[in-house]
Each structure stands twice: as C-alpha cells, then as structure tokens.
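*Asks:*
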Amino acid sequence: MGAIQKEEISFYQSLGKLFYAIAASDKIVRVAEYDALRKIVTKAWKPLDDFEDEFHTDAALQIEIVFDWLDYKSLKAIDCFKEFASFKKENEYLFSSKRKNLIWETANAIANSFSGKNKSELIMLAKLKMVLEK
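Residues 570 to 703 in our numbering are what the sequence shown lists, from first letter to last.
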C-alpha cells in the first residue's frame, strides 16, 4: 500500500471519528444512528473512489470500523471531534468540495436518524460547519 492509500485510509478513519462524535454528542449512540451510517457508507461513500485497505476491502468501510470501535470504547464525543478537526487542518487537500458535501450530508443523516436533531447534535453540527468552511 502506497503513501497515498495510507492517507486515504487515515481520511476514512478520521470520518469514523467525526460521525461517532455526531452520534455520541448526546452520550448515547442509538441503533438508528448505526443504521443511518451503514446505509450512507454503502450508498455514497463506497462508490466514491477505489481505495482499499491492506485486506483489499473498500477503504470507506474504515468509517464503520472506527465508529464501532469508538462506541465500544465509549470515548468522549468532543475528543473524537477535535481529532477529526485536527486531521482536516493538517490534510486540507483530501477535502474536496464533493467530499465536504458528503461529510455534511452524512452528519445530518446520523443526527436526524433518531427523533430529529437534539441540542447536542445541533451544537456538534454547528462546529462541523465551521470546520468544513475553513
């Protein structure tokens, strides 16, 4: 796996952190949020590019893998969000307009998946909007 693919894998892992942060912002990750994530990863993220991980599976699946692991570990949402924001700042070139739009759509789908957006999710989405606009 070349350096470019490692960066792409890191990109998708970073998205797993972000989407976990959105789902866990209210301290509870619900089944509906998992389902929304899996649906959009399959429908939108997997077809986006041809990058694979070291096991020759679609790199976009790293989103789900990292999301699941963070939920298992019950990490703080804000810490995961900060890691995503730091990754984005250091790797701006990986964030095309198309990818930014898909990130925003995915975050909103997760936040809307269970009884609409709550206050914690709205705050996290506002932070995400600022990070994506930088």
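Heads up, the beta-carbon is just placed ideally off N, CA and C, and yes, glycines get one too. The structure displayed is predicted, hence computed values, not measured ones.
1. The ligand PLP and threonine 626: does any heavy atom of the ligand fall closer than 7 Å to the residue's C-beta?
2. Does the count of Cβ pairs from the region 645 to 660 and the region 580 to 590 closer than 8 Å reach three?
3. Exposed or buried, what is threonine 675 when buried is set at 16 or more other beta-carbons lying within 10 Å of its beta-carbon?
4. Rounded to whole angstroms, what's the CA-CA distance from methionine 570 to glutamate 623? Just pull it up for me.
5. Going by DSSP, what residues sit across from glutamate 659 in a beta bridge?
6. Between which two residues does the alpha helix (DSSP H) holding glutamate 690 run?
7. Nearest to leucine 671 by CA position, among Leu617, Lys688, Ile597 and Glu577, is which residue?
8. Could you tell me the distance, in whole angstroms, from the CA atom of serine 665 to the CA atom of leucine 694?
9. Straight-line CA distance for tryptophan 638 to methionine 699?
10. Considering only DSSP beta bridges, list what glutamate 621 is partnered with.
*Replies:* In this structure, then:
1. Looking for the ligand PLP in the displayed structure turns up nothing, as the structure carries no ligands at all.
2. yes
3. In the sequence shown, residue 675 corresponds to position 106, counting from 1. So threonine 675 ends up on the buried side.
4. Numbered from 1 along the sequence shown, position 1 holds the residue referred to as residue 570. Numbered from 1 along the sequence shown, position 54 holds the residue referred to as residue 623. Note that methionine 570 scores a pLDDT of 46, beneath 50, so its modelled location is shaky and nothing firm can be said.
5. The residue given as residue 659 occupies position 90 in the sequence shown. Beta-bridge pairing links glutamate 659 to no other residue.
6. Walking along the sequence shown from the start, residue 690 turns up at place 121. From DSSP, the alpha helix (DSSP H) with glutamate 690 extends over 688 to 702.
7. Residue 671 sits at position 102 when you count from the first residue of the sequence shown. That would be Leu617, whose Cα lies nearest to the Cα of leucine 671.
8. Working through the sequence shown from its first residue, we reach residue 665 at position 96. Working through the sequence shown from its first residue, we reach residue 694 at position 125. Roughly 19 Å between the two C-alpha positions.
9. Locating residue 638 in the sequence shown gives position 69, counting from the first residue. Locating residue 699 in the sequence shown gives position 130, counting from the first residue. Distance between the alpha carbons of tryptophan 638 and methionine 699 is about 26 Å.
10. Along the sequence shown, read from residue 1 onward, the residue named residue 621 stands at position 52. Per DSSP, Asp627.
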